[in-house]
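First the structure, in the form of structure tokens, and then the observations on it.
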Amino acid sequence: MIETFEAFLKNLGVGYKLLFILGTIISGFLISKLIQFFMSRMLKKASDLLKVDPTNYSFLKNAVSFLIFTIVVIVVFYSIPELKNVGISLMASAGILAAILGFASQQAFSNIISGIFIVIFKPFHVGDFIKIGELHLGTVEDITLRHTVIKNPENRRIIIPNSVISSETILNSSITDAKVCSFIEIGISYSSNIDKAIEIIQNQALNHPNFYDNRTEEEKEENIDQVVVRVINLGDSSVTLRAYVWAEDSGKAFVAKCDLLKSIKEQFDRDGIEIPFPHQTVYLRQEKPLTITQI
880 MIETFEAFLK NLGVGYKLLF ILGTIISGFL ISKLIQFFMS RMLKKASDLL KVDPTNYSFL
940 KNAVSFLIFT IVVIVVFYSI PELKNVGISL MASAGILAAI LGFASQQAFS NIISGIFIVI
1000 FKPFHVGDFI KIGELHLGTV EDITLRHTVI KNPENRRIII PNSVISSETI LNSSITDAKV
1060 CSFIEIGISY SSNIDKAIEI IQNQALNHPN FYDNRTEEEK EENIDQVVVR VINLGDSSVT
1120 LRAYVWAEDS GKAFVAKCDL LKSIKEQFDR DGIEIPFPHQ TVYLRQEKPL TITQI
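880 is the number of the first residue of the sequence shown in our numbering; add one for each residue after it.
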């Protein structure tokens, strides 16, 4: 390709070379302006959606302009025989610089692209309660081109790069149906009355202010219990009961579960329902003492 370009330059006269150089400069200027114009529109739309000041990303436009300017300078220097070696050196330097900048900005561009994808595909919005992977959960407070800010239950702000979010599984508790069913599992002893224990659990759940009746009209007509409690396991020392308790959202469900564990335990104590716990019985066997007879 370089040989073809050199042959093309040799066939040009001095006047045509000057026109070629002038045309290269003008073309580079126009291309730079066009790219800046389209990038400004694209970044402005993305910034309006993400509520980010577009001037924060003006470096992208400047970087493109600098790259085009460098290419134009290399072509101009290469067109003049006396400056050909300078053009070759600039080309080599530009290649190294481009590789360094590309490697250094890879993560930054990844975050920006991921931020745009979040806005386009909308896996969550500001105000949604989400869980990212197995580590982070909380309410989304802000979404920028680079990162997303969530407030966790401890009222701390977690700043997560968008590229990290794109590679993780997202659990969004605020999409469409926010109702949550909590599993409350309690073990009782084999000697305890199972029906009595189920009745206590149901009454405690029904009396909690956060309880939500999630039954369909058909289930109501069939008199299905508002709180379903089932025996799910016969263990070594206990019978495990599981209650399905609904609440309007994850916050109310968490409070209800904590309160019910306490109130159910207290009511079990009053009504003699035993919650077994691991214990060991140690038997000490006393050997008959040895009698020594003296002669």
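We put the CB at the ideal spot given by N, CA and C, even for glycine.
| query | If we count the other Cβ atoms within 10 Å of its Cβ and call it buried at 16 or more, is S1042 buried or exposed? | reply | Classification for S1042: buried.
| query | How close, in whole Å, do the beta carbons of A1076 and A1122 come, if the pair is a contact with beta carbons under 8 Å? | reply | Not a contact, Cβ separation roughly 10 Å.
| query | If you draw a straight line from the C-alpha of S989 to the C-alpha of E1127, how long is it? | reply | 37 Å
| request: Indicate whether the contact test is met: 3 or more Cβ pairs, each with one atom in the stretch 1026-1039 and one in the stretch 1011-1018, closer than 8 Å. | output: yes
| request: Give every residue of the same chain whose Cβ lies closer than 6 Å to the Cβ of K1010, excluding the five residues on either side of it in the sequence, and list them in chain order. | output: L1016, L1050
| request: Determine, using beta-carbon pairs with one atom in the stretch 1067-1081 and one in the stretch 1135-1153, whether at least three such pairs fall under 8 Å. | output: Contact holds between the stretch 1067-1081 and the stretch 1135-1153, because three or more Cβ pairs, one in each stretch, are under 8 Å apart.
| task | Examine the Cβ distances between the stretch 1105-1121 and the stretch 1053-1071 and report whether three or more of them are shorter than 8 Å. | result | yes
| Does the beta-carbon of L1139 have 16 or more other beta-carbons within 10 angstroms, so that it is buried, or is it exposed? | buried
| 8 Å Cβ cutoff met for I1022 and G994 | yes
| query | Can you tell me the Cα-Cα spacing of E1247 and E1064, whole angstroms? | reply | Outside the shown range of the chain, which is 880 to 1174, sits residue 1247, and nothing can be said about it.
| field | F1147 vs I1079 beta-carbon contact at 8 Å | value | yes
| task | Take the Cβ of I1103 as the centre, count every other Cβ of all protein chains shown within 10 Å, and call the residue buried at 16 or more, exposed below. | result | exposed
| task | With DSSP as the reference, label R1036 as helix, strand or coil. | result | strand
| query | Looking only at its own chain, which residues have a Cβ that is under 8 Å from the Cβ of T934, when we skip the five neighbours before and after it? | reply | A caution first: T934 carries a pLDDT of 45, below 50, which makes its placement in the model unreliable, though a value can still be read off. There are no such residues.
| Less than 8 Å separating the beta-carbons of V1059 and S1142? | no
| query | The alpha helix (DSSP H) spanning N1051 covers which residue range? | reply | Element bounds for N1051: not the alpha helix (DSSP H) but the beta strand (DSSP E), 1049-1051.
| I881 to P1002 span [Cα, whole Å] | At I881 the pLDDT is 47, less than 50, meaning the model places this residue with poor confidence and gives no usable figure here.
| Does the distance from the CB of V1124 to the CB of V1106 come in under 8 Å? | yes
| field | C-alpha gap between E1100 and Q1081, whole angstroms | value | So the alpha carbons of these two residues sit roughly 19 Å apart.
| said: Only counting the same chain, and skipping five residues up and downstream in sequence, which positions put a Cβ closer than 6 Å to that of S1053? | reply: Sequence-distant Cβ neighbours of S1053 in its own chain, meaning closer than 6 Å and more than five residues away, are D1007, F1008.
| task | Per DSSP, which residues does G1066 bridge with? Please list them. | result | T1119
| task | Report the option in N1086, G1114, G1012 whose CA atom is closest to the CA atom of K1136. | result | N1086
| In terms of residue numbering, what span does the beta strand (DSSP E) encompassing G1017 cover? | 1015-1022
| query | Quick one: what's R1109 bridged to in DSSP? | reply | R1109 is bridged to R1121.
| task | Please report the residue range of the beta strand (DSSP E) in which I1009 lies. | result | Element bounds for I1009: 1008-1011.
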